[in-house]
Every structure is written in C-alpha cells, then in structure tokens.
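In what follows, a structure is listed as structure tokens, so that the remarks can point back to it.
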C-alpha cells in the first residue's frame, strides 16, 4: 500500500479486491487476473466488491465510488477517512458495470436510437447481441479505451507476440446480460463495397457474418485488427 497525505486522503494501491456472491462465497481479483476471467466471475454472480486486500491485511468496505477515468474513492467499515483507490482492474470492470456506493456491480440499461440492427448489434439464433468488447491478446478493447489500440498493438509487436483475437464480450439485448463468446476463427470479407466480419463462435453452428455500417465502431475495429492479423501473421 502506498501513501500520500495530500488533503488527508490516503492513496491506496491494493494487492487485490474481494468479490462475493449472494451466498457469501468469495473470489479474489488481482491486477494480474485475466480480465476475461474476472468478467466471467461477475457474470456468474460474484457481483459485489466486499473488501480490499493490501500488504497490511484486508479491510471490509463501507462504501466505494468511481470518480473519474482512473480513480475510485472508498471508506472502510469502522473508519471515517475517505481514501483514494487506484486499481486498474476494477476500472476496467466498471467500464461495463455501474458500481454503487455499497459495492454492487450492475449492468446499466442499454440505450440506443434508431434501428436496433445498428450500433454494433447483431443476431444469433433470433437473439440480439451488442458487441461491447474485444479480447486482443490479454487486453480488453472497449469504447472507453479504443484510442489506446495503437499502443497495445505496438506493445504486442515489440514483445514479438502474435496478434490473438479469441473472445468477444457481448450484451444480450433481450435480458441485458453480458456474455463472453469464445471464437474459433475470425475472418474478413468484402462484397459489393461492404466490409464484413465473419465469426466462428464456439458452441454455435456455422459462421456468423456481420456487415459493417456507419454505426459499426467496435466491429470496424475488429475488422481492422483481423485484417492486420491476416496480412502480417501466418497463423491467422
């Protein structure tokens, strides 16, 4: 735990957070935890941030709040002081979920205007899903960090790694729940002037082909990343 007494607010960089489900079962999330694994835990019911772990031990939370792009504030049970919390993994998680004062994580309602087929929304087996994130190697690309893709790609290449796109995070429009879909293959097509993304999703039959339109933000990013992978890497 690092300390900074600026305005009497202690800055805490924890070793991890503890998530609990309705039965009180615990799940530890650290900065090294794979974001896909963390999301699957939350989707599976571990949807409350109960306590913070740091070098001196573990403290249960009284309240917690995200205040900007990189910081949260919290109070511990039995204490009055307000602390500043720096934990990037929880920031990533709260790019999807709203975090209330009591640590509960809830997916906000989906908002869109116009045709439901727009805004990165597609159909599988008559159900509508919205693309919310792309797992690029170990990084999760969302609308909140799409401007960092160039740096992420640069880091991958500098570390002599291959570009891997093996999962996407989607929201079920009908029940407003997140789901992680594992991909067995991603490809691109271009027909009649329209770029398309072709997905083979584990657990589903056949290919799902999604044409891009003017509202396709993350699908356009997926198309560009896949095109780069096909052009530069032999394992595409």
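Residue numbers (my numbering): 6 to 241.
Just so it is clear, CB atoms sit at the ideal spot from N, CA and C, and this is done for glycine as well.
Taking the C-beta atoms as reference points, residue 205 is found nearer than 8 Å to residue 212.
Under the DSSP definition of a beta bridge, residue 56 partners with 23 and 65. Here residue 75 is not bridged, per DSSP, to any residue. DSSP places residue 15 in no alpha helix (DSSP H) but in the uninterrupted beta strand (DSSP E) bounded by 15-17. In this chain, the alpha helix (DSSP H) harbouring residue 158 covers 154-163. Remark: C-beta atoms of residue 36 and residue 131 do not approach each other more closely than 8 Å.
Ranked by how close their Cα comes to the Cα of residue 173, the residues 19, 40 and 30 have 40 in first place.
Comparing C-alpha distances from residue 23 to each of 43, 209, 184 and 143 shows the shortest one belongs to 43.
Contact check for residue 76 against residue 108 fails: the beta carbons are separated by 8 Å or more. In this structure, the beta-carbon distance from residue 89 to residue 16 falls below 8 Å. By DSSP's assignment, residue 193 forms a beta bridge with 202. One alpha carbon belongs to residue 208, the other to residue 191, and they sit about 15 Å apart.
Secondary structure at residue 46: helix, using DSSP grouped into helix, strand and coil.
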